[in-house]
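S.K.: Please see the structure below; I have some questions.
Number of protein chains: 6
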Amino acid sequence: MKKVLIVNLNTTENMTEKMKEAAISVKDEDTEVEAITPEHGPVTIESSYDEAFAIPPVLKVIEEIDQEDADAILLGCFCDAGVPAAREIADIPVIAMEEATLSIALTLGNKFSIMTEKKPRVAMKELHIRRAGLMERLASIRPLGLSVADMDENPEKTKQEGIKLAEKMVEKDGAEVLIMGCAAMAGYKDEVEEAAGAPVLDPTATAFKVAELTADLGIQHSKVGLYHPPSPKEFK
Amino acid sequence: MKKVLIVNLNTTENMTEKMKEAAISVKDEDTEVEAITPEHGPVTIESSYDEAFAIPPVLKVIEEIDQEDADAILLGCFCDAGVPAAREIADIPVIAMEEATLSIALTLGNKFSIMTEKKPRVAMKELHIRRAGLMERLASIRPLGLSVADMDENPEKTKQEGIKLAEKMVEKDGAEVLIMGCAAMAGYKDEVEEAAGAPVLDPTATAFKVAELTADLGIQHSKVGLYHPPSPKEFK
Amino acid sequence: MKKVLIVNLNTTENMTEKMKEAAISVKDEDTEVEAITPEHGPVTIESSYDEAFAIPPVLKVIEEIDQEDADAILLGCFCDAGVPAAREIADIPVIAMEEATLSIALTLGNKFSIMTEKKPRVAMKELHIRRAGLMERLASIRPLGLSVADMDENPEKTKQEGIKLAEKMVEKDGAEVLIMGCAAMAGYKDEVEEAAGAPVLDPTATAFKVAELTADLGIQHSKVGLYHPPSPKEFK
Amino acid sequence: MKKVLIVNLNTTENMTEKMKEAAISVKDEDTEVEAITPEHGPVTIESSYDEAFAIPPVLKVIEEIDQEDADAILLGCFCDAGVPAAREIADIPVIAMEEATLSIALTLGNKFSIMTEKKPRVAMKELHIRRAGLMERLASIRPLGLSVADMDENPEKTKQEGIKLAEKMVEKDGAEVLIMGCAAMAGYKDEVEEAAGAPVLDPTATAFKVAELTADLGIQHSKVGLYHPPSPKEFK
Amino acid sequence: MKKVLIVNLNTTENMTEKMKEAAISVKDEDTEVEAITPEHGPVTIESSYDEAFAIPPVLKVIEEIDQEDADAILLGCFCDAGVPAAREIADIPVIAMEEATLSIALTLGNKFSIMTEKKPRVAMKELHIRRAGLMERLASIRPLGLSVADMDENPEKTKQEGIKLAEKMVEKDGAEVLIMGCAAMAGYKDEVEEAAGAPVLDPTATAFKVAELTADLGIQHSKVGLYHPPSPKEFK
Amino acid sequence: MKKVLIVNLNTTENMTEKMKEAAISVKDEDTEVEAITPEHGPVTIESSYDEAFAIPPVLKVIEEIDQEDADAILLGCFCDAGVPAAREIADIPVIAMEEATLSIALTLGNKFSIMTEKKPRVAMKELHIRRAGLMERLASIRPLGLSVADMDENPEKTKQEGIKLAEKMVEKDGAEVLIMGCAAMAGYKDEVEEAAGAPVLDPTATAFKVAELTADLGIQHSKVGLYHPPSPKEFK
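In structure tokens, the structure reads:
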């Protein structure tokens, strides 16, 4: 029996629920899933500014949960905001959605592409890949060019745009694996996969399975470097 | 219910058994494990020459198994020999021990080190990391400098040498995660982990869990590039 | 006439004053310097956890200042925490201490080394260099191994350790330029420079001059990618 | 007087003959050329699967030849399959066609492009370049998109497609040197070179000259790392 | 009070004057600017051949000036020819136009693009970026495809081509910062900036400010490596 | 029958003779060797300053020789100074000593080390490797720490130091191939090779054979990028 806590980075309950459902649909029989929405912070995360205000409430959640009672924490945002800080204070594995998805993508083909919402986020995504030292495995990052609102209103158009993007990634960019960096696209994973002829990873499901894997193996983040526990100090 | 087939790369039944045991010790409840030793090939794999003769019998095994009946194949050698060819002909995920272990290591800290047997294998390991595009995450590859026979005869010395190596990796090389690239060391994982203060990954257990993960997610290697199915042809 | 605002990342007034003094000692005649200490946040920043709580109050400061009245903002921490978010909301240049110092270091020699306080911060510094795509110019990151308290109590020992470290960086690591990544060392810059025979950069002074430079040139961070303004939204 | 042995990787005599002719057309006066076709293995090599079955017969050839009697061995496939194993057991230089051609390409311009047959092989070629640590010199890898059969049937079309590809490599990809990674194109080298205005390397001729060079210099592959002789062991 | 010497690399007085004007338009109040045209050498620098003949006269200039009387030297060519030699013999900072501009570009966004005159110079520019270890920050190098004469004759067309190029750099290549690698374009900086919506750096102005910065900080190039003073010797 | 011209970069006749001898000792039967010492320039090349004055006289030599009468030019300095300019104006291959040696080293093992004279040259060598995009194949660059005069006076000590350096390169740095970046060491090649157990390349001999190879293959440097012919212009 193991328990994975999903901590949403944004404050939209409805998205927390969707992540929980995605997790439940792929979970091991013996896994208990709990999903938490922080009380404070932005309703969606689309910028570094949003991330900045999302992180402290999430760290408070991690400080308050009973770590004895859980086996792994999945931070629920493809932006991986707050991950180093969360790992510094957690005694159980903290799984980062983007990082875990990239890791699995590396085992499925030579190069991966990431689908994102809007063009300006492409640069931040690329920064993440470079920070991770994985530029040589990146085929491309392409934006859908649709806002989340657009996607909600025009599901058929969204699907068609997603398929076009996926085909370009495979045909022009040399991608062998595609990553749905864009939650609003998750519902079209199967259609995109079929059209592109290449595996498509849904970060929520993929990272959730990595959370289970770390729990099963009893492995934990290294505390000798990046995630060394912070020394206690005064906060004004 | 899912089934993972472990296919040993070498022809030593005893090692096949050990891998199976390592797998069983971490497997999900609903996973069936089967382990196969190829009929032909070298009894251990320590060189590219050994790899060359190990691969064709393993491919024959993969061609003969009933892929309908299994959900994932784990190729049992930290050398990852034969992986591209196996993936070209398999319709279920083929998990590579080194690749899967590296992927999980990436999620646990900034840099990893690999422990190997003898100095000349260091160059080949480094070639693998470069081929994988992961050089920026490599802290070091260090050889124990003991033959497998030495290790079998001197367990206490082996453990002590392994601990010394692990401490150097953390202290001098900046490693945050250690990989037991050397099967003969696997029994000392816990002691090494405690001495080094950093997580140590056992490739067999780690890669086996990745095999389960791919089976659970229903994902498969991409067939549009590296692992495109071979066209049929005459073999003389 | 131009005005540079220094915004300290931590909440220790005394450190804000020291930064202001360092700035004044190198400023152009026509530059006005103002230094601000945020009301809330940690008294020092030594971890990602500390950074997480330091950033939101700093963003509030930036939102409240009159950007019409200033020509550039210098974020006062060698960790560069909060920089992307600050740039998203600022209409004047936001200078990052680490980034600006690295940029100037690149113009002084082939490779640079960074002196930091404690070993666990080495991994985070390396992550920053990789994120910046500058690994090929990095000679080494070496920790003094002294706490800030140790340094305050033992100035002579601190200086001697700093000099030893600098000599290793030049002799063993091939560094041509040294960066004082550690504020407590700043007072020994001249002695270290003389002992090592290589230029030593003080991040506060260096980055302050880059702030003046951007103000004089009238250049601003690009808003088409990484620093695109955030879209307005609800914060719970 | 020196002797270079060409060992074809595939089992098609006709191709062995063509390689021999290409070698003879560029050989030094004092060079004797012998070309060997292995008895077993695939008739062409177009996948990792084909490579796997081609390698053991080639290693047998190398074990059986009289190394005293030859000065260098050229492995005849642009895939470089079997090269590490062959070098482990050979006491004379073993020249790899792709590796040798890339090495010479590096001396002729900033970046090179590789022409290959079909799109799925592009990923494998890229993996080779990354493995060799030469990504920063790669302009592009482009497939002709024609099967070998297509090329045989439509020589004029093949030539025209090759010329178009070469022009794209120079104009769009910034290639300064072109590599005929595709044997079926070798006959059009001069036309392509003229159309593209950039040097075109034929791997067989180029690598053959490197074989002569190593023989003349009396240099041999390093045996202290990648190509360390295998330890003797039982093969089942 | 400080003095910056601009040493033009070419022998065209008129260009020296233009550089001086660009410098004066951005200089600190307390900066004296002097600009020198070498007596011998090519009238423009467009090739490595031109550079070879331009460098010795510039080194003579540096040997003859009174270094006591100046605080920094700006070498006036975006090619950075002669920079290492000049730094070896100078006791005051020698600022390189390309290097300084790249350094400032790094602080303004994730990736930069460089505008150059003709296609064949693209390869040399790329070589410079690779030599500087900055490939991961390069978006693109694109040529205008116009000769300097063309640009002089057709100012409107030149401006329009420059704007088109800048838009491609931002839209297609992901550039966030643009560098005017082409002096003839400098007059259109503002129009290009407005059209592209991204900051455009003029190398002369930018590098001049870096020269002032080094003078103000009293920093000097490292003499322990790349720029070690040459040992005296006979010149025939 | 082919003719290779060696053009020494320095003005010491005696060194020109030694290069010619090294060439003759490895040349093909049908190769004619001619060696030229430029009239003007430094007697040795040990700095960028020396290089700057060595290049124009060498370019004059190349302009004056009858290129119809020769098949390849070898520029005789391991610094590769003047190579791009020479290639711009030559219609026959210009071979660069360092570049050609590195290219052959790549075919002999995973990583190479370079032996150089004095520590300050290490940075320049590293810059060359980075410029060539070959950092991932570099094991180390180590200086002997002896001046050329020291070496001439103490041959036994020089040999012993060279052997010690070579052993460190193999044992500590993981080098598989060693490059004699230091002409004064060339006489000890065999002893060093035997002591280190790894191949040692002498740049003069190696590059000379590459010159023959290019002549035999009739290949020429690409003129579409880096080595585009300079446009004619006025030189003051």
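Protein chains in written order, with the working numbering: chain W, 81 to 316; chain X, 81 to 316; chain D, 81 to 316; chain Y, 81 to 316; chain P, 81 to 316; chain A, 81 to 316. By construction, the Cβ of each residue, glycine as well, lies at the ideal position given by its N, Cα and C atoms. Computed from a predicted model, the values in this text were never measured in an experiment.
Roughly how many angstroms lie between the CA atoms of leucine 182 of chain D and lysine 316 of chain W, to the nearest whole one?
M.R.: 31 Å
S.K.: Between which two residues does the beta strand (DSSP E) carrying glycine 156 of chain P extend?
M.R.: 152 to 156
S.K.: Check whether the stretch 111 to 125 of chain Y and the stretch 182 to 196 of chain Y touch, using three or more Cβ-Cβ pairs below 8 Å as the test.
M.R.: no
S.K.: Between cysteine 159 of chain W and isoleucine 194 of chain W, is the Cβ-Cβ spacing less than 8 Å?
M.R.: no
S.K.: What does the alpha-carbon distance come out to for the pair asparagine 190 of chain D and glutamate 216 of chain P?
M.R.: Here the alpha carbons of glutamate 216 of chain P and asparagine 190 of chain D stand approximately 17 Å from one another.
S.K.: Below 8 Å, can you find three or more Cβ-Cβ pairs linking the stretch 284 to 302 of chain A to the stretch 269 to 282 of chain Y?
M.R.: yes
S.K.: Taking the alpha carbon of arginine 201 of chain P as the point to measure from, which residue in Y/Val228, Y/Lys198, Y/Glu256 has its own alpha carbon closest?
M.R.: Y/Glu256
S.K.: Taking the CB atoms as reference points, tell me whether leucine 306 of chain D and proline 164 of chain D lie closer together than 8 Å.
M.R.: yes
S.K.: Excluding the five sequence neighbours on either side, which residues of its own chain have a C-beta within less than 6 Å of the C-beta of glutamate 178 of chain X, listed in chain order?
M.R.: Phe158, Asp160
S.K.: Nearest to proline 122 of chain Y by CA position, among Y/Thr111, Y/Glu112, Y/Val106, Y/Ala134, is which residue?
M.R.: Among Y/Thr111, Y/Glu112, Y/Val106, Y/Ala134, the Cα nearest to that of proline 122 of chain Y belongs to Y/Ala134.
S.K.: In the structure shown, what three-state DSSP assignment does valine 272 of chain D receive?
M.R.: helix
S.K.: Check whether the Cβ atoms of lysine 83 of chain P and alanine 150 of chain P sit closer than 8 Å, and answer yes or no.
M.R.: yes
S.K.: Expressed to the nearest angstrom, what Euclidean distance is found between the alpha-carbon atoms of lysine 239 of chain A and lysine 289 of chain A?
M.R.: 26 Å
S.K.: Pick out the complete alpha helix (DSSP H) segments inside the stretch 198 to 284 of chain X, 4 residues or longer, and give them in chain order.
M.R.: 200 to 211, 228 to 233, 235 to 251, 269 to 276
S.K.: In the structure shown, what three-state DSSP assignment does asparagine 94 of chain D receive?
M.R.: helix
S.K.: So, alanine 170 of chain P versus valine 138 of chain P, is the Cβ gap smaller than 8 Å?
M.R.: The answer is no: Cβ separation not under 8 Å.
S.K.: Under 8 Å, do alanine 203 of chain A and glutamate 247 of chain A count as touching if we go by C-beta distance?
M.R.: One thing to note: alanine 203 of chain A has its Cβ no nearer than 8 Å to the Cβ of glutamate 247 of chain A.
S.K.: Kindly list the residues whose CB is nearer than 6 Å to the CB of alanine 264 of chain W, restricted to its own chain and excluding five residues on each side of it in sequence; keep chain order.
M.R.: Correct list, in chain order: Val228, Met231.
S.K.: Under a Cβ-count criterion, where at least 16 other Cβ atoms within 10 Å of its own Cβ denotes burial, should glycine 277 of chain Y be classed as buried or exposed?
M.R.: With fewer than 16 Cβ atoms within 10 Å of its Cβ, glycine 277 of chain Y is classed as exposed.
S.K.: When the cut-off is 8 Å and only beta carbons count, does glutamate 256 of chain Y lie next to chain P?
M.R.: yes
S.K.: Tell me whether leucine 182 of chain A sits in a helix, a strand or coil according to DSSP, three-state version.
M.R.: helix
S.K.: Name the residues in the stretch 206 to 219 of chain A whose C-beta lies less than 7 Å from a C-beta of chain X; which are they?
M.R.: Glu216
S.K.: Output yes if chain A places a C-beta closer than 8 Å to the C-beta of alanine 102 of chain Y; else output no.
M.R.: no
S.K.: Going by DSSP in three states, alanine 115 of chain Y sits in which element: helix, strand or coil?
M.R.: strand
S.K.: Check each candidate in Y/Ala219, Y/Glu273, Y/Ala212, Y/Leu214 and name the one with the smallest Cα separation from glycine 242 of chain Y.
M.R.: Of the listed residues, the one whose Cα sits closest to glycine 242 of chain Y is Y/Glu273.
S.K.: According to the neighbour-count rule (16 or more other Cβ atoms, all chains shown, within 10 Å of its Cβ), is glycine 225 of chain X buried or exposed?
M.R.: exposed
S.K.: Note down, in chain order, every chain P residue with its Cβ under 7 Å from the Cβ of leucine 245 of chain D.
M.R.: Correct list: empty, because the minimum Cβ distance to chain P is about 15 Å.
S.K.: Any Cβ of chain A within less than 8 Å of the Cβ of threonine 117 of chain Y?
M.R.: no
S.K.: Mind checking whether leucine 214 of chain X and glycine 162 of chain W have CB atoms under 8 Å apart?
M.R.: no
S.K.: Mind checking glutamate 206 of chain P: buried by the 16 CB within 10 Å criterion, or exposed?
M.R.: buried
S.K.: Could you tell me whether any Cβ in chain D is nearer than 8 Å to the Cβ of asparagine 94 of chain X?
M.R.: Contact of asparagine 94 of chain X with chain D is not assigned, every C-beta pair being separated by 8 Å or more.
S.K.: Whole angstroms are fine: how far does the CA of methionine 249 of chain W sit from the CA of aspartate 110 of chain X?
M.R.: 36 Å
S.K.: Along chain W, in chain order, which residues have C-beta atoms closer than 9 Å to that of aspartate 108 of chain X?
M.R.: Within chain W, Asp108, Glu109, Asp110, Glu292, Asp296 have C-beta atoms less than 9 Å from the C-beta of aspartate 108 of chain X, given in sequence order.
S.K.: How should methionine 260 of chain A be labelled, buried or exposed, when 16 other C-beta atoms within 10 angstroms of its C-beta is the threshold for buried?
M.R.: buried
S.K.: In terms of residue numbering, what span does the alpha helix (DSSP H) encompassing leucine 139 of chain P cover?
M.R.: 128 to 144
S.K.: Check each residue of the stretch 181 to 192 of chain D: if its Cβ is closer than 8 Å to any Cβ of chain A, include it; give the result in chain order.
M.R.: Gly189, Asn190, Lys191
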